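Visitor:
There are 4 protein chains.
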Amino acid sequence: MKDDLQKSRSSTGAVRSEASHQAIIEAARTLLSEKGYAGFSIDGVARMAGASKPTIYRWWANKAQLIAEVYEVESARAIHIPEEMAVSQRFSLLLTTLWELWNNTPCGVAFRSFIAESQNNKENMELLRDQFMQRRFALPREILETAVRRKELPADTDIEMMLVMSFGFCWFHLLTDNLEKTEAIAPFVQHLFTAVPRKLRDGTETAP
Amino acid sequence: MKDDLQKSRSSTGAVRSEASHQAIIEAARTLLSEKGYAGFSIDGVARMAGASKPTIYRWWANKAQLIAEVYEVESARAIHIPEEMAVSQRFSLLLTTLWELWNNTPCGVAFRSFIAESQNNKENMELLRDQFMQRRFALPREILETAVRRKELPADTDIEMMLVMSFGFCWFHLLTDNLEKTEAIAPFVQHLFTAVPRKLRDGTETAP
Amino acid sequence: MKDDLQKSRSSTGAVRSEASHQAIIEAARTLLSEKGYAGFSIDGVARMAGASKPTIYRWWANKAQLIAEVYEVESARAIHIPEEMAVSQRFSLLLTTLWELWNNTPCGVAFRSFIAESQNNKENMELLRDQFMQRRFALPREILETAVRRKELPADTDIEMMLVMSFGFCWFHLLTDNLEKTEAIAPFVQHLFTAVPRKLRDGTETAP
Amino acid sequence: MKDDLQKSRSSTGAVRSEASHQAIIEAARTLLSEKGYAGFSIDGVARMAGASKPTIYRWWANKAQLIAEVYEVESARAIHIPEEMAVSQRFSLLLTTLWELWNNTPCGVAFRSFIAESQNNKENMELLRDQFMQRRFALPREILETAVRRKELPADTDIEMMLVMSFGFCWFHLLTDNLEKTEAIAPFVQHLFTAVPRKLRDGTETAP
DNA sequence: ATATAAACGAGACGGTACGTCGGGTCTTTTT
DNA sequence: AAAAAGACCCGACGTACCGTCTCGTTTATAT
């Protein structure tokens, strides 16, 4: 949308202020990391960003979506998982990197907040499930698919089940504020790849 | 007077009204199941229960603790998992029963709400992690320990890891409103028991 | 029959605890003088007195009446106005003494609080007007009546008007927190006695 | 952004809703006159006005100030005291008119309530004494000053003392719910002007 | 001496209001 | 057209008091 609007700048009036956009995201980031979920409010973001609430609501439908964008922006720096490693090592590295991200940036609070916020609202729940999580799944899914292609994993590996199990494991630690236990990752991954889950014979996958 | 003039004349004071207690729990239950987490408020509970807010706050520190009690009351009817079944079947049955409980009673909303609410507040987070979840772990832990005793599972089975993996898997479905996919349980359990996670050689367990 | 038997075995029961009575009055006094009207509550009195709220309500119908008793107890030490002085001097001394009492004891706050509280409630209003104030009027009325008897004042002096004018003048200073201006008393009294108000010819008095 | 990125893009914001303002004042007026001081609450006003409590608190610091505005609005219709009358007649007419206002409009309850409420709070006390009462004094003060100018009253008339005495007299009747005794006004005024209070020789006035 | 009846403390209770916060919408003005 | 400013309604928050109501415990009196 941003691009389109800017392109048609014949005489359609003012365009979205990128400065405001950045200020809002930055304020949201700061508020989340300093005050946590409990201290996060749209009012607070507007105050800190020097923006007005309507401006925020014009671009984000609600708190959850603003938080989601904070997460996405903050986690945008590409995670590089070297291709020459074995799949279990790649996966392990991915999870470790993820936990570090959650521990050391506002991403951890943002993710927890987004999950919590999504429980309020059917629309946000769908956003979380069908879009946000699908983007989170992309990289690990690619790693697993690559492994299948390379024959490191069986052709009928139930990749979706592996994703759900992995994120379930991570969410549990995230949502019980237990992310420091990074030593739990290795045994988990080891188990996961010891006997890779397979798709059911009828071909249906087992998880979302 | 407090100190010298009197001092005798003591009493234990009036006793908690069980009627109020029940009315409040029942109202909370109803509100959760009819309006969901978004429509749940202490004001609403007070209104519906015909109780006063101070009475609620006298006995529950906050929303989270009231919700937790709703869960515990509602889930109190004993779950019986026949002893003569194999451990993987017992575990599978437990998870299925749990999902049914979450699907068909206010327990599902209550659990989701309690998790969400706990993200607000360090105190509730600890309550969730150190007390509430330990009570949830009791039955599955016992099933696994029994299996170890019966030599169905190796002596060094990492039971805590299995618990975290299992609840992680369940939470993920719960928190993405995906509990209808009960057919995902079987493959999960199958994988879990295909290669049971073992404790590390140094004897430390791998999870919480 | 049974009733008769039971009736004959009756008693008057326990008697009012003077210790509690004293403790409550003392706590009320302290609370009023330390926290003022805004910080005065029956809960607070009960707490400080080590008494229970029902005990307070058993003996005083409401806040106002408790405050009134505090005033009466506190102001009980007899005020002596020498008889050999002229009436205007006696009156002036009385008012000065009164303002000192209000300034240096909880009486000032108590009186203000009692007046304020009486605005809430018809019953207390009548108490204030018909009983409490009549007791306050007693001494000045006596001084004026004595003066009439001694022929210092005309026989048709409108004593009630003088009382109302005097207390009106004092109330205004009390209720605007302006009691330090004691130098205003002398000119007031001087004016009051310069041309003493007389009763109307038809004999009816002019004030309450 | 607040500081550097932006700073232009400003505006004065939306303007106070006169409709809300009127609705709130009107509701306060109605509540006072129907339920009296005891039945007057900010919650009640909000409810009746269809306004929100924050809107009320945005414009009035507390109950007292809202009540004060009700009084001022309600008493705004100019009181006309014909200039050609003698000062004592003008004064008498003023007081009679005032008592009628208090008796026949919510002004009476509002004044009583404002006085009572001001006893709670130092800030409101000052408001009452230094602003509200000064506005009430304006008209009678002007009448007396005019009389001095016209030489109806001596040059050294202690006008402030006369004001305090007059309002003290009126307050006493107001605060003891005794305003029906309008026949008390005439003798009071007669006495007041029979021997007008004079300023002390040193030039200081005697009252506030 | 012993029953009785009232008073007592403790404190829970329903109610009402307090003053504040946040959510999301609307209006006005400025750019 | 977009934005800042900020007013608005709504409704919830957690707390304070009010006055009433159990409770079980003294305690003075009247048998």
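Residue numbers (our numbering), protein chains in the order written: chain A, 119 to 326; chain B, 119 to 326; chain C, 119 to 326; chain D, 119 to 326.
Every residue, glycine too, gets a C-beta built ideally from N, C-alpha and C.
Every value quoted in this text rests on a predicted model; they were computed, and no experiment measured them.
Do the region 190 to 206 of chain C and the region 260 to 272 of chain C meet, that is, are 3 or more Cβ pairs less than 8 angstroms apart?
Guide: Yes, since at least three Cβ pairs between the region 190 to 206 of chain C and the region 260 to 272 of chain C fall closer than 8 angstroms, the two stretches touch.
Visitor: Between residue 306 of chain A and chain B, is the shortest Cβ-Cβ distance under 8 angstroms, so that the two count as touching?
Guide: Yes, contact with chain B.
Visitor: Using Cβ-Cβ distances below 7 angstroms, what residues of the region 210 to 236 of chain A are close to chain B?
Guide: Answer in chain order: 230, 231, 233, 234.
Visitor: Just to make sure I have the definition right: I need the residues of chain D whose C-beta is within less than 7 angstroms of the C-beta of residue 282 of chain C. Which are they?
Guide: Near residue 282 of chain C (Cβ distances below 7 angstroms), the residues of chain D are 287, 290.
Visitor: Check the C-beta distance from residue 237 of chain B over to residue 231 of chain A and give it rounded, since I have them as a contact under 8 angstroms.
Guide: Between residue 231 of chain A and residue 237 of chain B the Cβ distance is about 7 angstroms, and since that is below 8 angstroms, they are a contact.
Visitor: Compare the C-beta of residue 296 of chain A against all C-beta atoms of chain B and say whether one is closer than 8 angstroms.
Guide: Yes - at least one Cβ of chain B is within 8 angstroms of the one on residue 296 of chain A.
Visitor: Consider the Cβ of residue 274 of chain D: report whether some Cβ of chain C lies at a distance smaller than 8 angstroms.
Guide: No - not a single Cβ of chain C is within 8 angstroms of the one on residue 274 of chain D.
Visitor: Spell out whether any CB of chain D is found under 8 angstroms from the CB atom of residue 254 of chain C.
Guide: Residue 254 of chain C does not count as touching chain D.
Visitor: Give the single residue among D/316, D/184, D/223 whose Cα lies nearest to the Cα of residue 195 of chain D.
Guide: Of D/316, D/184, D/223, the residue nearest in Cα terms is D/223.
Visitor: Between the C-alpha atoms of residue 303 of chain A and residue 214 of chain A, what's the straight-line distance to the nearest angstrom?
Guide: Between residue 303 of chain A and residue 214 of chain A, the C-alpha separation is close to 7 angstroms.
Visitor: Would residue 147 of chain D count as contacting chain C if we go by Cβ distances under 8 angstroms?
Guide: With 8 angstroms as the cut-off, residue 147 of chain D does not count as an interface residue toward chain C.
Visitor: DSSP three-state label for residue 316 of chain A, please.
Guide: In this structure, residue 316 of chain A counts as strand in the three-state DSSP scheme.
Visitor: Tell me residue 275 of chain B's beta-bridge partners as DSSP assigns them.
Guide: Paired residue(s): B/316.
Visitor: Relative to the C-alpha of residue 78 of chain A, which candidate in A/188, A/157, A/156, A/154 has its C-alpha closest?
Guide: The requested residue 78 of chain A does not occur in the structure, where chain A is confined to residues 119 to 326.
Visitor: DSSP three-state call for residue 291 of chain D: helix, strand or coil?
Guide: Three-state DSSP puts residue 291 of chain D in a helix.
Visitor: Taking Cβ-Cβ distances below 8 angstroms as the criterion, which residues of the region 155 to 187 of chain B are in contact with chain A?
Guide: The region 155 to 187 of chain B vs chain A, Cβ under 8 angstroms: 155, 156.
Visitor: By DSSP, does residue 158 of chain C sit in helix, in strand, or in coil?
Guide: Coil at residue 158 of chain C, not helix or strand.
Visitor: First and last residue of the alpha helix (DSSP H) that includes residue 269 of chain A?
Guide: Looking at the DSSP string, residue 269 of chain A is not in any alpha helix (DSSP H), and its letter there is neither H nor E.
Visitor: Please work out which residues of its chain come closer than 8 angstroms, Cβ to Cβ, to residue 163 of chain B, disregarding the five sequence neighbours upstream and downstream, and give them in chain order.
Guide: So the qualifying residues of the chain are 142, 145, 146, 149, 169, 174, 184.
Visitor: Quick check on residue 284 of chain B: buried or exposed, where buried means 16 or more other Cβ atoms within 10 Å of its Cβ?
Guide: Per the 10 Å Cβ criterion, buried.
Visitor: How about residue 292 of chain B and residue 250 of chain B: do their beta carbons lie closer than 8 angstroms?
Guide: It is not a contact, given that the beta carbons lie outside the stated cut-off.
Visitor: With distances taken from CA atoms, which of B/242, B/212, B/313, B/155 is nearest residue 178 of chain B?
Guide: Looking at the Cα atoms, B/242 is the closest of the given residues.
Visitor: Using the rule of at least 16 other Cβ atoms within 10 Å of the residue's Cβ for burial, across every protein chain shown, is residue 311 of chain A buried or exposed?
Guide: Answer is buried; the Cβ neighbour count reaches 16.
Visitor: Can you name the start and end residues of the alpha helix (DSSP H) that residue 178 of chain B belongs to?
Guide: First-last for residue 178 of chain B: undefined, no H or E at that position.
Visitor: Cβ of residue 314 of chain C within 8 angstroms of Cβ of residue 272 of chain C?
Guide: Yes, the pair counts as a contact, with Cβ atoms nearer than the cut-off.
Visitor: What's the C-alpha gap between residue 247 of chain D and residue 294 of chain C?
Guide: Distance between the alpha carbons of residue 247 of chain D and residue 294 of chain C: 6 angstroms.
Visitor: Under the rule that 16 or more other beta-carbon atoms within 10 Å means buried, what is residue 186 of chain B, buried or exposed?
Guide: That one is buried.
Visitor: Does chain B have any CB closer than 8 angstroms to the CB of residue 315 of chain A?
Guide: Cβ-Cβ to chain B under 8 angstroms: yes for residue 315 of chain A.
Visitor: Who are the Cβ neighbours of residue 123 of chain D in its own chain at under 8 angstroms, not counting the five residues just before and after it?
Guide: Residue confidence is low: residue 123 of chain D scores 35 on pLDDT, short of 50, so the model does not pin down where it sits. Its coordinate-derived value is still stated next. Correct list: empty, nothing qualifies.
Visitor: Under 6 angstroms Cβ to Cβ from residue 270 of chain A, same chain only, skipping five residues before and after it: list those, please.
Guide: Taken in chain order, the residues that qualify are 205.
Visitor: Classify residue 157 of chain A: buried if its beta carbon has 16 or more other beta carbons within 10 angstroms, exposed otherwise.
Guide: Residue 157 of chain A comes out exposed.
Visitor: With DSSP collapsed to three states, give me the class of residue 192 of chain B.
Guide: Note: residue 192 of chain B maps to helix in three-state DSSP.
Visitor: Got a sec, what are the start and stop residues for the alpha helix (DSSP H) residue 234 of chain B sits in?
Guide: Where residue 234 of chain B is concerned, the enclosing alpha helix (DSSP H) stretches over 225 to 236.
Visitor: Is any beta-carbon of chain B found at less than 8 angstroms from that of residue 238 of chain A?
Guide: Judged by the 8 angstroms Cβ criterion, residue 238 of chain A is in contact with chain B.
Visitor: Determine, for residue 150 of chain D, whether the minimum Cβ-Cβ distance to residues of chain C falls below 8 angstroms.
Guide: No, because no Cβ of chain C sits closer than 8 angstroms to the Cβ of residue 150 of chain D.
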